[in-house]
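S.K.: In our numbering, the protein residues as written are -5 to 334.
The beta carbon of each residue, even a glycine, is placed where N, CA and C say it ideally should be.
These numbers come from a predicted model, not from an experiment.
1. Ignore the nearest five residues each way along the sequence and tell me which others in residue 232's own chain have a CB closer than 7 Å to its CB.
2. List the residues that DSSP assigns as beta-bridge partners of residue 89.
3. Three or more C-beta pairs closer than 8 Å, one from the region 264 to 280 and one from the region 214 to 223: is that the case here?
4. Is the number of C-beta pairs between the region 115 to 128 and the region 68 to 83 that are closer than 8 Å three or more?
5. Would you say the region 32 to 39 touches the region 97 to 112, given that touching needs at least three Cβ pairs under 8 Å?
6. Using CA atoms only, rank isn't needed, just tell me which of 91, 12, 84 and 135 is closest to residue 104.
7. So the candidates are 23, 63 and 241; which of them puts its Cα closest to the Cα of residue 81?
8. With DSSP as the reference, label residue 198 as helix, strand or coil.
9. Excluding the five sequence neighbours on either side, which residues of its own chain have a C-beta within less than 6 Å of the C-beta of residue 182, listed in chain order?
10. Please report the straight-line C-alpha distance between residue 245 and residue 147, rounded to a whole angstrom.
11. Who pairs with residue 2 in a beta bridge, going by DSSP?
12. Can you tell me whether residue 336 is helix, strand or coil according to DSSP?
13. Use the C-beta contact count for residue 171: other C-beta atoms within 10 angstroms, 16 or more gives buried, fewer gives exposed.
14. Put residue 180 into one of helix, strand or coil per three-state DSSP.
15. Taking the straight line between their C-alpha atoms, what separation do you get for residue 41 and residue 294?
16. In three-state terms, what does DSSP make of residue 129?
17. Per DSSP, what kind of secondary structure is residue 265 in: helix, strand or coil?
18. What are the start and end residues of the alpha helix (DSSP H) that includes residue 281?
19. Specify the secondary structure class of residue 81 as computed by DSSP and reduced to three states.
20. My guess is that residue 167 and residue 210 are in contact by the Cβ rule of under 8 Å, so how many angstroms apart are they, rounded?
21. In three-state terms, what does DSSP make of residue 17?
22. Would the region 89 to 105 and the region 58 to 75 be scored as touching if the rule is three or more Cβ pairs under 8 Å?
23. Can you have a look at residue 10 and say buried or exposed, based on whether 16 or more other CB atoms are within 10 angstroms of its CB?
24. Spatial neighbours of residue 296 within its chain, please: C-beta separation below 7 Å, excluding the five flanking residues on both sides.
25. Buried or exposed for residue 1, going by 16 or more other Cβ atoms inside 10 Å?
26. Quick check on DSSP: helix, strand or coil for residue 277?
27. Opposite residue 191 in the DSSP bridges: which residues?
28. In chain order, what residues of the same chain have a beta carbon less than 7 Å from the beta carbon of residue 13, not counting five sequence neighbours either side?
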């Protein structure tokens, strides 16, 4: 029997250390983890899975880090994208909120100026601005998403279906496969106006089809229990392929279920700092990092055995090889919810 075709995206948030410390310094965070990126060269060279490096401003402003990235891109190919940490990306106007300032309240002109600074740093290194984007802390509200096309971005990957963060953007019911949106509608809300943007979510799906909609409806009826209901669903009834969040067996079940339900692409992500021993609570020492890299290798091998895999970058998802649906606010009413 012929294998089912499946595209696979491997995306990395390439950033400074300190993400898991609970602090958000403007400067001074280490970048030692960038030197660990060559450990992942086996993904493109052995398995044909190019990496999408979503780099933040400190990385793009650091000479040694750029040298590592230049070498990897030259030897292994891949895509250079952008990752915004607003707390360490200029400009830095005085704002009345503590860091990290949510994009629900950050002035849109400030957010856009930070995007432009990030794109300028990418262009200074690569000769052209990035086409693919991911927001730090997944904190991309619709009013901020509306700024992405104007800043030169064609693809966003800031959505994780079925993941609930109290006070954060509501993407619980987002589809697991990519979809087109027009985020530049009236007042910056998704709508008919504005340039198209491809949203490429990190792959997560319900264990039982349709159960996520029942959980969401229950959460809406019980607002006092809303956070607990949605958080419990992700922990107990969600399949995903993130190699940090999910056991290996769950990753395989997620891939099989997604393909069986008609999914066309798997989008993985993790953080570059998770390759540096001690930079993440998940990986306190070299042995833990080695085990993680081995887990990623086994999953790549299994994908190749199980599916007819095509490795693609985030930017390539917006190319002519794929056809994705338009996703209107009417089909995802929760996706337009703002806060503040």
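M.R.: Once the coordinates are examined:
1. Position 238 of the chain shown holds residue 232. Same-chain partners within the cutoff: 156, 198, 200 and 201.
2. Locating residue 89 in the chain shown gives position 95, where the first residue counts as 1. Answer by DSSP bridge pairing: none, since residue 89 is not bridged.
3. Judged by Cβ distances under 8 Å, the region 264 to 280 makes no contact with the region 214 to 223, as fewer than three pairs qualify.
4. yes
5. no
6. For this step, residue 104 is matched to residue 110 along the chain shown. Minimum Cα distance to residue 104 is reached at 84.
7. Taking the chain shown and counting its residues from 1, the one referred to as residue 81 is at position 87. Nearest of 23, 63 and 241 to residue 81, Cα basis: 23.
8. On the chain shown, residue 198 is found 204 positions in, with the first residue counted as 1. Reduced to three states, the DSSP call for residue 198 is strand.
9. For the purposes of this step, residue 182 is taken as residue 188 along the chain shown, with counting starting at 1. Reliability of the predicted coordinates at residue 182 is poor, the pLDDT of 44 falling under 50, and the value obtained from them is presented with this limitation in mind. 137 and 140.
10. As a position in the chain shown, residue 245 is number 251, starting the count at 1. As a position in the chain shown, residue 147 is number 153, starting the count at 1. Inter-residue distance for residue 245 and residue 147 is about 29 Å (C-alpha atoms, whole angstroms).
11. Within the chain shown, the letter at position 8 stands for residue 2. Residue 2 is bridged to 260 and 305.
12. Nothing can be reported for residue 336, as the shown portion of the chain is limited to -5 through 334.
13. For this step, residue 171 is matched to residue 177 along the chain shown. Burial call: buried.
14. Within the chain shown, residue 180 is the residue found at index 186, counting from 1. A caution first: residue 180 carries a pLDDT of 43, below 50, which makes its placement in the model unreliable, though a value can still be read off. If DSSP states are grouped into helix, strand and coil, residue 180 belongs with the helices.
15. Taking the first residue of the chain shown as position 1, residue 41 is located at position 47. Taking the first residue of the chain shown as position 1, residue 294 is located at position 300. Cα to Cα, the separation comes out at about 7 Å.
16. Here residue 129 is taken as the residue at index 135 of the chain shown, counted from 1. Correct three-state label for residue 129: strand.
17. As a first step, residue 265 is located in the chain shown; it is residue number 271 there, counting from the start. Reduced to three states, the DSSP call for residue 265 is strand.
18. Counting from 1 along the chain shown, the entry for residue 281 is found at position 287. First-last of the alpha helix (DSSP H) with residue 281: 280 to 300.
19. Position 87 of the chain shown, counting from 1, holds the residue named residue 81. It is helical.
20. As a position in the chain shown, residue 167 is number 173, starting the count at 1. As a position in the chain shown, residue 210 is number 216, starting the count at 1. Indeed they touch by this definition, with Cβ atoms about 6 Å apart.
21. As a first step, residue 17 is located in the chain shown; it is residue number 23 there, counting from the start. Reduced to three states, the DSSP call for residue 17 is coil.
22. no
23. Along the chain shown, read from residue 1 onward, the residue named residue 10 stands at position 16. Residue 10 should be labelled buried.
24. For this step, residue 296 is matched to residue 302 along the chain shown. Excluding positions up to five away in sequence, the list reads 246.
25. For the purposes of this step, residue 1 is taken as the residue at position 7 of the chain shown. Classification of residue 1: buried, given that the 10 Å Cβ count is 16 or more.
26. As a working note, residue 277 is residue 283 in the chain shown. Here residue 277 sits in strand by DSSP.
27. Here residue 191 is taken as the residue at index 197 of the chain shown, counted from 1. DSSP output for residue 191 lists 175 as bridge partner(s).
28. The sequence position of residue 13 within the chain shown is 19, counting from 1. Counting only Cβ-Cβ distances below 7 Å, and skipping sequence neighbours, we find 265 and 267.
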